[in-house]
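Take the first sequence: its position 449, counted from the start at 1, is 449 in full-length UniProt numbering, and no numbers get skipped.
Cβ coordinates follow ideal geometry from the N, Cα and C atoms, glycine included.
The structure presented is a predicted model; accordingly, all values stated were derived computationally and were not measured.
Report on one structure; see the data block that follows.
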Amino acid sequence: MRGYGAGMSNFDDSDAFEAAAAPVPLSQRAIGARPVPYLDGLNPAQRAAVEALDGPVLLLAGAGTGKTRALTTRIAHLLNLGRARPGQILAVTFTNKAAREMKERVARLLGEAVEGMPWLGTFHSISVKILRRHAELIGDGELHLKPSFTILDTDDQIRLLRQLILAGNIDEKRWPARQLAHLIDSWKNRCLSPSQLPRGEERAFDGWGGRLYAAYQRRLLELNATDFGDLLMHCVHLFQAHPDVLRSWQDRFRYILVDEYQDTNVAQYMWLRLLASAHRNICCVGDDDQSIYGWRGAEVGNILRFESDFPGAQVIRLEQNYRSTPHILAAASGLIAANRGRLGKTLWTEVEGGEKVRLIGHWDSEAEARWIGEEIEAFHGGHRAALGRRNLNDIAILVRASHQMRAFEDRFMTIGLPYRVIGGPRFYERAEIRDAMAYFRLAVSPADDLAFERIVNVPKRGLGEKAVQTIQREARERNLSLLEGAVSTVATGALGGKGAAALRQFTEAMGRWHADALDSRVSHVELAERILDESGYTAMWQNDKSPDAPGRLDNLKELVKALEEFENLQGFLEHVALVMDNDSGEQTDEVSIMTLHAAKGLEYPIVFLPGWEDGLFPSQRSMDESGLKGLEEERRLAYVGITRGRELVTISFAGNRRMYGQWQSSLPSRFIDELPEDHVEVLTPPGLYGGGYGAAAQPFAPSAIHERAAQSDVYNSPGWKRMQQRSAERAQPVHRTPIVIDAEPAARFSVGDRVFHQKFGNGTIMGIAEDTLTVEFATGFKTIKAGYVQPASQAGSGGAMDDVPF
DNA sequence: GTGTGAGCAATTTTT
DNA sequence: TTGCTCACAC
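Structure, rendered in C-alpha cells:
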C-alpha cells in the first residue's frame with residue numbers, strides 16, 4: 001500500500017533534466033522545435049522506441065537494456081508533445097511494484113508539472129476502476145454487481161468452492177477445492193464464462209466442473225464479490241456486450257502502453273485488443289526470452305504473434321545491455337539459443353573484461369551451501385581482490401524451488417551470515433492480517449458472509465461447526481445474511497446457553513462497530529484498534545506462546561498504521577486486496593535468497609545459481625507436464641537467472657541432494673552443457689561423483705562443457721554420457737530419465753527392472769534410493785516404496801510385500 | 001467443541 | 001524432512 005497517493009515527489013537523483021523541468025504549457029511546445037533534454041543519453045534504439053508514438057509498436061527489450069527508461073521516457077514524451085493528457089494514457093503493468101516504479105520515474109522525468117497518472121497501474125487495479133463504474137452491467141437481469149463489490153483473494157475463493165463441492169456431495173478428498181480453483185482460474189484466464197466452456201471441458205472435475213463454475217459465479221454475484229480472474233474477464237465481457245461503453249474507454253485512452261507483454265494471458269490480450277482496436281496506438285514491451293509464467297496462463301504466443309495481430313507494427317529491439325559483463329551476456333545468449341520459436345535478439349555491451357561465469361559441482365547440497373557461504377564471506381571481507389569488498393546487499397542466491405532455500409538458511413544461520421528471503425507469503429496472506437481484515441469487512445459490510453465465517457470463532461468463542469451450521473440454516477430459511485441469521489438464532493433460542501451468550505456478545509459488538517464504521521466522526525484508525533481489542537483478537541495473540549506470536553502482533557500494528565493512509569475503512573478495504581505488498585524497506589545489509597521467478601526484473605552484482613541438476617532444474621515436473629514447451633520455459637528461467645548478474649555469476653550443482661528426507665543423487669543440468677565453454681570457468685571440485693577425493697578424472701573438464709555450440713543434442717552431453725556409461729556398467733537399459741538415484745539399491749530390485757504396481761500397472765524402475773523406487777509407469781513417473789511393487793514377471797505372487805529391504 | 005497423533009503429499013506465484 | 005488434513009479421544 002505504500003506509494004498510494006504519495007510517491008510522486010521523489011527527486012533524489014540528479015538527472016540534468018529535473019532541474020530544467022519547467023511547466024511550460026505542453027501545447028505550446030512544437031515537435032522538434034527545441035531539444036528535449038530527456039531524450040539525451042538514449043541510445044538509437046531507445047530513442048526510436050520513444051519517438052515511434054503512433055500505431056502499434058512492439059518493443060523487444062532484452063534483460064538490462066533500459067526498458068523501463070524507454071517506456072517512461074515515452075510517456076513523458078507523449079505528455080510533453082501534448083499528444084495526450086495524463087488521464088488519456090493507459091499504462092499497464094503486472095505488479096504494483098512495477099506500477100509504482102513507473103509512476104515515480106515518469107514524475108521524475110517531468111517534474112512536478114504533471115499530476116499522477118490515474119491510468120497507470122496493474123491490469124487488475126485498472127480493471128477494478130473500470131468495473132466499479134459499470135458494475136450494474138455485470139450479471140444477469142435480476143442479479144448484478146454493485147459498485148462496492150469486494151474482491152476475494154485465493155483463500156476466500158477456495159473456501160467458497162469447498163462449500164460448493166460439499167453441497168454437491170462430491171468427495172472433496174478426490175476433488176479438492178484447490179484444484180477446482182485452478183481450473184476455474186484457467187477458464188477465466190481464457191475469458192470463458194460458464195456458458196462459453198468448450199464442449200468437453202465442462203465435464204472436467206469429475207463431470208462437475210461446468211456446473212460448479214456456474215454455481216460459483218452465481219454465488220459471487222450474491223455476495224457482490226469478484227475474484228481476481230473476474231476482474232479481467234468481466235471487463236472483457238463488459239466491453240464485448242456494450243459497444244458504447246467500450247467506445248467511451250477507447251476514446252479516453254489515446255495511447256496504450258503495456259509492460260511485460262510476454263506475460264499476458266488470453267484475457268489480458270483480449271482486454272488490450274478491445275481497447276486498442278480503434279486507434280491502434282499500442283506499445284507493448286516485453287521479452288519473449290523471459291516468459292516464465294506459462295504455468296499460470298501466460299501465452300508467449302501473444303508476443304510472438306504481435307506483428308500479425310497488429311499488421312504494420314513496428315518492431316524495435318533493445319539489445320544494448322547496460323547491466324552485465326560480456327561473459328555473462330554470452331553465457332546467457334548461448335544458453336537461450338537452444339530455444340526454438342524465439343523472436344531473436346542478441347544482447348551486447350560496450351563494457352569489456354569481467355569475470356567468466358563460474359561453474360562448480362559439489363558432493364551434496366550441504367557442501368554447496370557451505371561453499372557459497374564461504375564465498376560470500378570472502379566477498380564481504382574483501383578477500384576477492386578483483387571484486388573488492390562487497391556489501392551483502394550486492395549478493396543474491398537464486399533457486400528454482402523454494403525448498404532449496406532451507407540448506408542456505410540453515411547454513412547461514414550457523415555461520416551467522418545475515419540473509420533475507422524475498423517472496424514467501426505476502427503480508428496480506430498472513431492469517432492474522434486476513435482475520436483482522438475480516439473483522440473490518442464485517443464491520444463495514446454486515447452481509448459479508450465469508451468474513452463472518454472466518455472470524456465468528458476466532459478467537460475461540462465456543463462457536464464451532466455445529467453452531468455455524470445452525471446459523472447457516474437459520475439464515476438460509478429466512479433469507480438473511482449470516483450475521484443477521486446469527487442475531488435471529490440468538491433471538492429464537494435455537495442455540496444452547498453458552499453458545500447463545502457468546503454469539504449474542506459477538507453480534508452486539510459487531511453492531512456497535514458497524515454503527516461506528518458508518519459514523520464519520522469516529523476515527524477509523526481508532527475504530528480498527530478498538531475492534532481488535534474488544535473482539536479479543538489482540539489478546540488471543542498476546543496469550544499465544546508460540547515464537548511467531550510477537551511478529552503477528554507487529555503485523556497487526558503495521559496493518560493499523562497502514563489504515564492511516566486512507567480516508568476510512570471502506571476506502572482501505574476497496575484497495576487493499578490489490579495493493580498490499582510485503583516490500584519491507586531494505587536498510588540492513590543482508591544476502592538475498594529468492595526463487596528465480598521472484599528475481600525477474602531485479603539485478604545484483606554477484607549472483608549464485610545453485611541446484612543446476614536435471615530434474616530439479618529443469619524441473620522434472622515441468623517437463624513431464626509440458627514436454628518441450630516446459631523445457632523451454634525452464635531454459636528461459638535459466639536465462640533470467642544468469643542475466644540478473646552484473647559482475648559475477650556462479651552456477652553450481654550437487655551430486656546428492658536431500659529431498660523429502662532422503663538423499664537422492666542427480667546429474668548436472670542439461671543447461672550446463674548448453675553454456676558456451678569460452679565464457680565459463682570451471683572450478684574443479686575435488687572428488688565429485690563418488691570418485692572419492694583425488695579421483696583421477698576431473699569430473700568436469702572445461703572442454704566437456706560444450707562440445708558443439710550449434711548442436712544442442714542433450715544425448716551427447718557429458719552428463720548424458722556419464723549416465724549411459726553408468727547404466728552400461730550395470731548392464732541395464734538406458735532410459736530417458738534425468739534423475740538417477742544411486743544410493744544403495746533396494747536389495748531385490750535394480751534400475752531397469754520391470755515391476756508391477758496394484759494401481760499404476762506395469763512400469764520400469766528408473767532409480768532407487770534406499771527403499772524408495774522411482775518408477776516410470778504408462779501414466780508418468782512415480783516415487784514409490786519398494787514394498788508396494790513386485791517384479792513384473794511374478795505379478796500376483798504377492799511375495800514382494802513380505803520382505804521389503806530395511 | 002477442542003486438542004492430539006497418524007497418514008499423506010510435496011514447483012514456480014501476481015492480482 | 002516438514003506441514004497439513006483428518007480421525008479420534010477428551
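Within the DSSP secondary-structure output, CYS284 pairs in a beta bridge with LEU58, VAL258. Note that the region 275-288 touches the region 254-263; at least 3 beta-carbon pairs, one per stretch, sit closer than 8 Å.
When DSSP assignments are scanned along the region 640-676, the uninterrupted stretches of beta strand (DSSP E) that are 3 or more residues long and fall wholly within it turn out to be 645-659, 662-665. If you draw a straight line from the Cα of GLY168 to the Cα of LEU161, it comes to about 10 Å.
Taking the C-beta atoms as reference points, THR72 is found nearer than 8 Å to VAL106.
Counting only runs of 4+ residues, the alpha helix (DSSP H) found wholly inside the region 333-394 occupies 365-381, in chain order.
A buried status is given to GLN290, since no fewer than 16 other beta-carbon atoms sit within 10 Å of its beta-carbon. Membership of LEU275 in the alpha helix (DSSP H) is indicated by the continuous run 266-276.
Between the alpha carbons of ALA313 and ARG218 lies a gap of roughly 41 Å.
A residue is called buried once 16 or more other Cβ atoms fall within 10 Å of its Cβ, and ALA385, having fewer, is exposed.
In the structure shown, the three-state DSSP call for VAL36 is coil. Between THR349 and ALA63, the alpha-carbon positions lie close to 12 Å from each other.
Assigned with DSSP and collapsed to three states, LEU192 falls in coil, not helix or strand. In the three-state scheme derived from DSSP, where H, G and I count as helix and E and B as strand, SER592 is classed as strand.
Assigned with DSSP and collapsed to three states, ALA298 falls in coil, not helix or strand. Under the three-state reduction of DSSP output, HIS144 falls in the strand class.
Contact annotation: GLN46 and ALA70 have beta-carbon atoms nearer than 8 Å. Per the DSSP secondary-structure output, TYR428 pairs with nothing in a beta bridge.
By the neighbour-count criterion, in which 16 or more other beta carbons inside 10 Å mark a residue as buried, PRO311 falls on the exposed side.
ALA438 and ALA577 have their C-alpha atoms some 12 Å from each other. GLY121 counts as buried, since no fewer than 16 other beta carbons sit within 10 angstroms of its beta carbon.
Along the length of the region 178-258, whole alpha helix (DSSP H) runs at least 4 residues long occupy 209-222, 228-241, 243-252, reported in chain order.
If you draw a 10 Å sphere on the C-beta of VAL57, you find 16 or more other C-beta atoms in it, and that means buried. One alpha carbon belongs to GLU647, the other to THR325, and they sit about 6 Å apart. With at least 16 other beta carbons inside 10 angstroms of its own, ASN189 counts as buried.
Looking only at GLY536, GLU564, PHE566, ASN568, the smallest Cα-Cα distance to LEU553 is reached by GLY536. By a beta-carbon distance limit of 8 Å, VAL315 does not contact HIS134. Their separation comes to about 35 Å. For ARG317, the secondary structure class from DSSP, reduced to helix, strand or coil, is strand. Sequence-distant Cβ neighbours of ASP309 in its own chain, meaning closer than 7 Å and more than five residues away, do not exist here. Using a C-beta cut-off of 8 Å, the region 554-570 makes no contact with the region 358-365, since fewer than three inter-stretch Cβ pairs fall below that distance. Between the region 597-608 and the region 636-656, the count of C-beta pairs closer than 8 Å reaches three or more; the two stretches touch.
Counted as a single uninterrupted DSSP element, the beta strand (DSSP E) harbouring PRO605 occupies residues 604-609.
Taking 8 Å as the cut-off, the Cβ atoms of ALA396 and LEU616 do not count as close. Comparing alpha-carbon positions, the option among TRP119, GLY141, LEU79, PHE149 lying closest to ARG132 turns out to be PHE149. Bounds of the beta strand (DSSP E) holding THR93 are 89-93. Here THR492 is exposed, its C-beta having fewer than 16 other C-beta atoms within 10 Å.
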